[in-house]
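Here the structure is laid out as structure tokens; the discussion comes afterwards.
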Amino acid sequence: MPLRTPDGRYIVVRGRLWRTTDPNLTEEERQRLVQDLMNARRAVKAARSKSDRDAEDAAHRAVDAAKHALGERGAVWWTDGAPDLNRKMVRNTGYAAWYDGLTVEARDDS
Numbered sequence: 004m005p006l007r008t009p010d011g012r013y014i015v016v017r018g019r020l021w022r023t024t025d026p027n028l029t030e031e032e033r034q035r036l037v038q039d040l041m042n043a044r045r046a047v048k049a050a051r052s053k054s055d056r057d058a059e060d061a062a063h064r065a066v067d068a069a070k071h072a073l074g075e076r077g078a079v080w081w082t083d084g085a086p087d088l089n090r091k092m093v094r095n096t097g098y099a100a101w102y103d104g105l106t107v108e109a110r111d112d113s
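Written as structure tokens, this is what we have:
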């Protein structure tokens, strides 16, 4: 299970923050959107294997649409005005002290 920031907005992978799915989605919505995302990712792979640039572009757009719908891209899902730190290195954010206080085992630096 990936390490989550205390506020639940991000997971940490190799020291980098990645925005989590909007917790306000219903479980049914989330599952449907994750399925859409996985289908789109498979379509990217299939298009690449066929060297079909148009299909690959369409599949990338579908991935992006699913990520937006999940709340992992686009406008943030929280409402307190905190900035979006997606893809930032945790050590360069307000989460640095929290992260530094974790044991090596608790971190997701692999």
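Every position in the sequence shown, counted from 1, becomes a number in my numbering once 3 is added.
Positions of the beta carbon are idealized from the N, C-alpha and C atoms, including for glycine.
Note that this is a predicted model, so its numbers are computed, not measured.
Spatial neighbours of R76 in its own chain (CB-CB distance under 6 Å, excluding positions within 5 residues in sequence) are listed in chain order as K70. By the Cβ test, the stretch 40-52 is in contact with the stretch 62-69, since at least three Cβ pairs between them sit closer than 8 Å. Straight-line measurement puts the Cα of D39 at about 20 Å from the Cα of R56. Non-local C-beta neighbours of A58 in its own chain, meaning closer than 6 Å and more than five positions away in sequence, comprise A50, ordered along the chain.
For V37, the enclosing alpha helix (DSSP H) begins and ends at E30 to S52. Counting C-beta pairs closer than 8 Å gives three or more between the stretch 13-22 and the stretch 85-100, which meets the contact rule.
Residue state for W101 is assigned as helix, using DSSP reduced to three classes. Following the DSSP letters along the chain, one finds V16 inside the beta strand (DSSP E) bounded by residues Y13 to V16. Between the C-alpha atoms of G74 and D60 there is a straight-line separation of about 21 Å.
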